[in-house]
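Report on the following structure.
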Amino acid sequence: MTNARRWVAADGKRPMQTNGKPASSTKPETWTQFRDVKKKPHGFMLGGGFACIDLDNCFSNGQLQQWARRIVDAAPGAFIERSISGKGLHIFGLLPEGKGRNYGRVEVYSAERFIRTTATVWSAGELVALTKTVAAIEDMNQTGKLPRQTTGRR
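Quick look at the structure:
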């Protein structure tokens, strides 16, 4: 990901250009290289094959909850970081561009979306294909194994 020209600075969870103007998830001319933002709060523009599965509030007493463990296990070798709040995880990988999906505490994004990154590594992996992971999430959703409501912000 660090080699992709899809990085922006961040003001909280808002994407910003390095000149202080707003950045847009649909305007690549507002994006830059990682080296230009690595020393300030930053984030990544998803799309072009890059995707993120966002797990909100997935820890209980410092331990990964069972539903989240199933999702993480369905993404072997993936790069995973803690979210800004420290209460969630971002699983980064590869997916075709598609509409975002929201399953309560689990969101899947692969196009026209800004994700605030932390570099707080939870699992040092690579960008792996997330197709099977998304299929596992959809199965968990259909069988009632995903939590339905969020408990606060990420």
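Here the numbering used here is used: position 23 in the sequence shown is 33, and no number is missing along the way.
Positions of the beta carbon are idealized from the N, C-alpha and C atoms, including for glycine.
This structure is a prediction, so every number in the text was calculated from the model and none was measured.
Same chain only: Cβ atoms within 6 Å of residue i, ignoring 5 sequence neighbours per side
i           : result
residue 105 : 61, 120, 140
residue 78  : 65, 68
residue 59  : 104
residue 130 : 91, 92
residue 163 : Summary for residue 163: the model assigns pLDDT 47, below 50, so the residue's position carries little reliability; its value from the coordinates is reported in the next sentence. Excluding sequence neighbours, residue 163 sits near nothing in its chain.
residue 33  : 18, 25, 26, 27, 40
residue 63  : 101, 118
Residues that residue i bridges to, as DSSP identifies them
i           : result
residue 16  : According to DSSP, residue 16 bridges with nothing at all.
residue 139 : 104
residue 166 : It is not possible to answer for residue 166, since the shown part of the chain is limited to 11 through 164.
residue 157 : Note: residue 157 sits in no beta bridge, so no partner.
Opening and closing residue of the alpha helix (DSSP H) in which residue i lies
i          : result
residue 80 : 76-83
residue 2  : Given that the chain is displayed from residue 11 to residue 164, the structure contains no residue 2 and the question cannot be resolved.
Beta-carbon proximity list for residue i, same chain, < 7 Å, skipping 5 on both sides
i           : result
residue 151 : 113
residue 122 : 35, 36, 57
residue 132 : 90, 91, 92, 99
residue 30  : none
residue 158 : 114
residue 20  : 26, 51, 52, 53, 126
residue 47  : 17, 18, 19, 28
Cβ separation of residue i and residue j, assumed to be a contact under 8 Å, to the nearest whole Å
i           : j           : result
residue 127 : residue 53  : 5 Å
residue 82  : residue 90  : 7 Å
residue 116 : residue 55  : Residue 116 to residue 55, Cβ: 21 Å. No contact.
residue 88  : residue 102 : 7 Å
residue 42  : residue 24  : Going by Cβ atoms, the distance from residue 42 to residue 24 rounds to 16 Å, so no, they are not a contact pair.
residue 137 : residue 11  : 7 Å
Closer than 8 Å: residue i CB and nearest the ligand PLP heavy atom
i          : result
residue 84 : The ligand PLP is absent from the structure shown, which contains no ligand whatsoever.
At what residue ranges does the region 101-132 contain a whole run of the beta strand (DSSP E), taking only runs of 3 or more? Counting whole runs of 3 or more residues, the region 101-132 contains the beta strand (DSSP E) stretches 116-119, 123-127.
Report the start-end ranges of each beta strand (DSSP E) in the region 39-98 that is 3 residues or longer and not cut off at the edges. 52-56, 60-65, 89-92, all fully within the region 39-98.
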